[in-house]
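As structure tokens, the structure follows; a few thoughts come after it.
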Amino acid sequence: MIHLPKEETKLMVAVHGWSGILLGLLLYAVVITGMAAVFAVEIGEWSAGHVETRSAFERSIDQPVRALGASTPEKYHEGVDIFEIGDHNLGVFFHHHDLDASGAPISRGIYYQLDRDGRVASAQEGTGEEVFGPRNDDALSSFLVDTHVRLHVPNPWGLLLTGILGLAMLVAAISGLLIHRHLLKDIFTLRRKAHPVLVDRDRHSVAGSWSLPFAFILAFTGSFFSFYGTVGVPIVAMSAFGGDQQALSDAVFGNPGTPNPTPRAIGNLDRIAADAIKRSGDAPTYMSIENFGRADATVTTYLHPKAGDIAPVTLLYNGATAQFVQEKPSIGTKPSTGGTLVAIMSPLHFGDFAGVFSKAVWFGLGFAMCYVTLTGLRLWLARRVERMRSLDWLERTVTVVGFGLPLGLLGAAVGFLVTMPLGTAVFWTPTAFLAASAAAIVAGIAVPTHAMLSRGLQIAIALLLVALPLVRLITGGPGWPTALAAGQPSIMAVDLAMLLSGGWLLWRLIGQRRKPLVPHTPALQPAE
Amino acid sequence: MLAAAAILFSLVMILLLWRGDPKRRRTTGLRDGADTSARRRLLVIATLLPGVLLAFAGDSAAFLIWLGSCVIAGWLAAQIQGPGAAR
Amino acid sequence: MSPTTRKWTRIGFAGPGAIIVAVVTMAGMALWLPGGAAGIDNIVLPLVLVPLIWALLFFHACLDRKLARVVAISIGLLVLHGGLVAHKFLDRPASTQEAHP
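Structure below.
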């Protein structure tokens with residue numbers, strides 16, 4: 001498609017290949033957990049057997065929040081965040097804004113977790129970083145998301161790492177486009193009876209070519225998320241606000257108005273929630289109160305996007321009177337280019353703007369990205385393994401990581417299902433992941449041939465997929481009739497997805513016969 | 001729904017593009033039956049048209065779902081083995 | 001310039017150079033971009049665009065045949081935006097300042 005001169009093409013091939021091989025395995029971990037995390041909410045509902053379908057905002061929140069306000073120190077009334085936790089229960093974080101030792105803005109306060117009867121199940125005091133950790137019933141989805149966002153490396157290093165991986169993916173996508181001279185001509189060609197290098201090359205370039213626009217979008221938005229808080233905001237705040245990150249945050253997110261510290265009870269939050277539901281047709285996903293208990297209190301509700309849009313809807317209310325003030329953009333006080341750009345970063349990355357339809361597409365795209373990453377690694381190896389036996393270990397490593405990671409994630413799911421009823425899921429979910437991964441590594445060392453290793457790991461994945469719905473039932477999860485009666489489709493849907501994909505994989509591996517490869521003289525393009 | 005119809009239409013166009021793809025047919029031993037360049041250009045335009053219409057209608061959600069569906073469909077279509085001597 | 005020097009110059013500008021110039025450009029852009037309808041464009045646009053700026057600098061350093069041009073553009077951007085930031089600091093050392101009212 002783009003014909004670069006020979007020297008430049010060779011350089012781009014080197015850039016593409018080396019960024020891929022050095023960071024490919026880590027990038028694969030980020031991409032595969034990202035793919036699974038698209039359905040984090042559904043996986044959470046499936047794994048914890050959540051059958052409540054009404055949003056917490058459709059039940060009374062005013063009474064509980066008012067009662068919590070009365071028993072919370074006034075210094076923490078600067079901001080109140082209200083959101084859903086667990087099985088559509090209420091989480092409330094009373095906090096004030098503070099600066100940590102390095103001058104970065106943090107929130108410090110008390111985080112209340114309520115049970116389904118509105119009673120306080122837990123109250124923890126501390127910073128946002130400290131109090132928002134995985135719970136027993138969301139340990140699996142938390143594990144997935146945390147692996148994806150920072151590979152379990154502590155902040156800010158974990159975020160910087162995934163940010164760099166995002167940039168590597170961006171470089172790989174752009175250099176891939178520059179290398180491939182006949183991108184459109186080759187886009188349907190998958191040679192099967194050919195030299196392994198050509199077979200891998202076709203697999204990699206067909207998947208990569210089709211998914212190119214999304215590789216670009218996901219890499220770009222992903223690295224934005226990793227870098228904006230760790231590097232971007234401190235630096236822009238330094239340049240534009242003399243280092244005052246809170247001032248930057250107020251400029252971008254704040255609601256300007258004349259301060260009025262006169263004490264005044266907060267308006268009826270149920271009225272606000274009902275009004276938001278009426279205006280948008282859907283329950284809020286988040287509610288944020290500024291200056292709780294003061295005359296200048298404001299309440300902002302965040303809702304799913306309107307049909308056809310991808311950015312969330314944000315409604316602003318007068319906190320003291322509970323009157324609707326205006327619909328405002330998510331970022332900034334008026335619609336703007338910058339505000340819109342930031343507001344679409346999330347929907348573009350998560351694919352959650354149109355419920356299950358967009359999520360299904362994003363899941364498929366995530367799968368394509370995993371495929372591109374793995375086939376790229378295999379291609380790099382296939383070109384070299386024939387003349388360098390010493391790379392056998394790398395070939396095995398790619399297979400162990402490639403299949404071991406999904407095996408580990410499925411192992412984590414088993415660990416979660418077994419230990420959630422015992423209340424120890426937060427520890428056992430990552431531990432089960434490590435155990436399953438260790439098993440894959442041991443197989444990588446012990447199994448005699450690479451072909452047997454690859455096949456064995458895939459069979460293990462297929463077996464676990466098929467077994468998981470059964471494990472879920474045995475450990476006390478709701479059956480399909482119960483879930484359907486409660487109007488909760490996720491449980492049956494995830495069960496079915498696992499049974500079908502596991503079954504198909506088993507059929508492919510065991511049912512079909514392998515065809516012998518006919519070696520040809522490879523006709524490689526100059527770009528190889 | 002309009003968006004669903006748009007997506008379905010593009011998917012059919014992608015299948016037609018797959019069927020007549022010259023290089024694919026060459027590598028699977030099908031001597032003739034490949035599309036002419038004029039027909040390919042027409043099919044590509046037909047494939048992209050629903051997306052352009054969705055974008056102009058301001059339906060960014062549908063546009064993104066359309067784009068993603070086309071990507072997945074194209075990739076899946078390429079997996080189809082189809083009739084041919086060298087399998 | 002010997003081929004080895006040229007190669008390392010290019011690697012320098014594509015590697016650490018691109019990162020430094022991208023970050024300094026991001027900081028400096030906050031000072032000259034217009035605020036836009038909500039007065040925040042100059043803050044958020046550099047934040048959003050910095051991965052793209054880095055990628056552009058990286059690929060330019062790799063692909064532009066004229067190494068002199070690569071050096072000129074990178075150093076030019078660095079000096080311009082670094083200068084803007086330094087000027088802001090030297091002019092008004094007090095802590096809280098808004099870039100655009």
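Chains as they are written, first to last, in my numbering: chain A, 1 to 528; chain B, 1 to 87; chain C, 1 to 101.
Don't be surprised by glycine CBs; every beta carbon is placed ideally from N, CA and C.
What you are looking at is a predicted structure, and each value in this text was computed from that prediction instead of being measured.
Let's test the definition: count the other Cβ atoms within 10 Å of the Cβ of residue i and tell me whether it reaches 16, buried, or not, exposed.
| i | result |
| --- | --- |
| PRO16(C) | exposed |
| LEU470(A) | exposed |
| SER95(C) | Note that SER95(C) has pLDDT 48, beneath the 50 cutoff, so the model's placement of it is unreliable and no number is given. |
| LYS66(C) | exposed |
| GLN326(A) | exposed |
| PHE13(C) | buried |
| PHE224(A) | buried |
| VAL206(A) | buried |
| LYS359(A) | buried |
| PRO46(C) | buried |
| MET107(C) | Chain C is shown from 1 up to 101; residue 107(C) falls before or after that span and cannot be answered. |
| TRP428(A) | buried |
| LEU57(C) | buried |
| ASP115(A) | exposed |
Identify, in the order they occur along the chain, each residue of the same chain with its Cβ nearer than 8 Å to the Cβ of residue i, setting aside the five sequence neighbours on each side.
| i | result |
| --- | --- |
| ILE61(A) | ILE82, LEU90, LEU269, ASP270, ALA273 and MET287 |
| LEU26(A) | LEU151, LEU161 and LEU165 |
| GLN323(A) | GLY267 and TYR317 |
| VAL71(C) | THR9 and PHE13 |
On the three-state DSSP scale, how would you describe residue i?
| i | result |
| --- | --- |
| GLU290(A) | strand |
| GLY254(A) | coil |
| LYS328(A) | strand |
| SER358(A) | helix |
| LEU17(B) | helix |
| PRO50(B) | helix |
| PHE531(A) | With chain A covering 1 to 528 only, the question about residue 531(A) has no answer from this structure. |
| ASN268(A) | coil |
| GLY82(A) | Reading off the sequence shown, one finds Ile at residue 82(A), where the question assumed Gly. In this structure, ILE82(A) counts as strand in the three-state DSSP scheme. |
| GLU58(A) | helix |
| PHE214(A) | helix |
| ASP98(A) | strand |
| ILE2(A) | coil |
Listing by chain order, which chain A residues have their CB less than 8 Å from the CB of residue i?
| i | result |
| --- | --- |
| LEU53(B) | Those within 8 Å of LEU53(B) in chain A number zero; the least Cβ separation is about 13 Å. |
| THR27(B) | THR189 and ARG191 |
| ALA78(B) | ILE187, PHE188, THR189, LEU190, VAL206 and TRP210 |
| VAL79(C) | Within chain A, no residue comes near VAL79(C); the closest Cβ sits about 15 Å away, beyond 8 Å. |
Between which residues of its own chain and residue i is the CB-CB distance below 6 Å, once the five residues before and five after are set aside?
| i | result |
| --- | --- |
| TRP380(A) | GLY17 and ILE21 |
| ASP495(A) | PRO469 |
| ALA527(A) | Reliability fails at ALA527(A), whose pLDDT of 44 lies under 50, so the model's placement of it is uncertain and the value that follows must be treated cautiously. THR9, VAL13 and ILE179. |
| ASP87(A) | HIS50 and GLU52 |
| TYR111(A) | PHE93, GLN124 and VAL131 |
Could you tell me which chain A residues have their CB closer than 9 Å to the CB of residue i, listed as they occur along the chain?
| i | result |
| --- | --- |
| SER37(B) | The premise fails here: SER37(B) is roughly 11 Å from chain A at the closest Cβ pair, so nothing lies under 9 Å. |
| LEU52(C) | LEU170 and PHE220 |
| LEU67(B) | PRO213, PHE214 and VAL361 |
| LYS88(C) | SER239, ALA240 and GLY242 |
Who are the near neighbours of residue i in its chain, counting only those whose CB is closer than 7 Å to its CB and skipping five residues on each side?
| i | result |
| --- | --- |
| GLN3(A) | It is worth fixing the name first, because residue 3(A) is His in this sequence and not Gln. For HIS3(A), where only same-chain residues beyond five positions count, the Cβ hits under 7 Å are ARG181. |
| ALA328(A) | Strictly speaking, residue 328(A) in this sequence is Lys, with Ala absent from that position. Cβ neighbours of LYS328(A) beyond the five flanking positions: THR314 and LEU316. |
| LYS88(C) | LEU31 |
| PRO284(A) | PHE57, ALA273, ALA276, THR301, TYR302 and LEU303 |
| MET169(A) | LEU27, ALA215 and ALA219 |
For a contact meaning CB atoms closer than 7 Å, what does residue i contact in chain A?
| i | result |
| --- | --- |
| PHE13(C) | Ordered by position in chain A, no residue passes the 7 Å Cβ test against PHE13(C), which lies about 14 Å from the chain. |
| PRO24(B) | As written in the sequence, residue 24(B) is Arg, which differs from the Pro given in the question. Going along chain A in sequence order, the residues near ARG24(B) (Cβ under 7 Å) are PHE188 and THR189. |
So with CB distances below 8 Å, who are the chain B contacts of residue i?
| i | result |
| --- | --- |
| PRO305(A) | ALA61 |
Strictly below 9 Å CB to CB, what residues from chain B border residue i?
| i | result |
| --- | --- |
| SER358(A) | ALA61, LEU64, ILE65 and GLY68 |
| PHE132(A) | Neighbours of PHE132(A) on chain B: none; closest Cβ ~29 Å, over 9 Å. |
| PHE427(A) | Ordered by position in chain B, no residue passes the 9 Å Cβ test against PHE427(A), which lies about 37 Å from the chain. |
Taking C-beta pairs closer than 8 Å, name the residues in chain C that residue i reaches, listed in chain order.
| i | result |
| --- | --- |
| LEU341(A) | VAL44, LEU45 and VAL48 |
Under 7 Å Cβ-Cβ, which residues of chain C neighbour residue i?
| i | result |
| --- | --- |
| VAL13(A) | Within chain C, no residue comes near VAL13(A); the closest Cβ sits about 12 Å away, beyond 7 Å. |
Inset, instruction - Decide if the stretch 128-147 of chain A is in contact with the stretch 189-203 of chain A; the criterion is three or more beta carbon pairs, one per stretch, under 8 Å apart. - result: Here the stretch 128-147 of chain A does not lie against the stretch 189-203 of chain A, with fewer than 3 beta-carbon pairs under 8 Å apart.
Legend entry - Three or more C-beta pairs below 8 Å linking the stretch 355-368 of chain A and the stretch 68-76 of chain B: Touching, yes.
Inset, instruction - May I ask you to verify whether the stretch 295-307 of chain A touches the stretch 252-262 of chain A, counting CB pairs closer than 8 Å and requiring at least 3? - result: As far as the Cβ criterion goes, the stretch 295-307 of chain A touches the stretch 252-262 of chain A, which means the pair count is three or higher.
Inset, instruction - Decide if the stretch 473-487 of chain A is in contact with the stretch 426-446 of chain A; the criterion is three or more beta carbon pairs, one per stretch, under 8 Å apart. - result: Verdict: no, contact absent.
Inset, instruction - Pull out every residue of the stretch 175-186 of chain A whose Cβ sits closer than 9 Å to any Cβ of chain D, in chain order. - result: Here the protein chains are A, B and C, and chain D is not one of them.
Inset, instruction - Tell me, please, whether the stretch 67-80 of chain A touches the stretch 35-44 of chain A by the rule of three or more beta-carbon pairs shorter than 8 Å. - result: Because the criterion of three Cβ pairs below 8 Å is not met, the stretch 67-80 of chain A and the stretch 35-44 of chain A do not touch.
Legend entry - the stretch 404-414 of chain A contacting the stretch 422-437 of chain A, beta-carbon criterion three pairs below 8 Å: Because the criterion of three Cβ pairs below 8 Å is met, the stretch 404-414 of chain A and the stretch 422-437 of chain A touch.
Legend entry - the stretch 498-509 of chain A touching the stretch 4-14 of chain B, judged by at least three CB pairs closer than 8 Å: Contact between the stretch 498-509 of chain A and the stretch 4-14 of chain B is absent: fewer than three C-beta pairs spanning the two stretches fall below 8 Å.
Legend entry - Segment contact flag, the stretch 19-26 of chain C with the stretch 3-10 of chain C, C-beta cutoff 8 Å, min 3 pairs: Too few Cβ pairs lie closer than 8 Å, so no.
Inset, instruction - Check whether the stretch 222-242 of chain A touches the stretch 48-64 of chain C, counting contact only when three or more Cβ pairs, one atom from each stretch, lie closer than 8 Å. - result: Contact holds: three or more Cβ-Cβ distances are below 8 Å.
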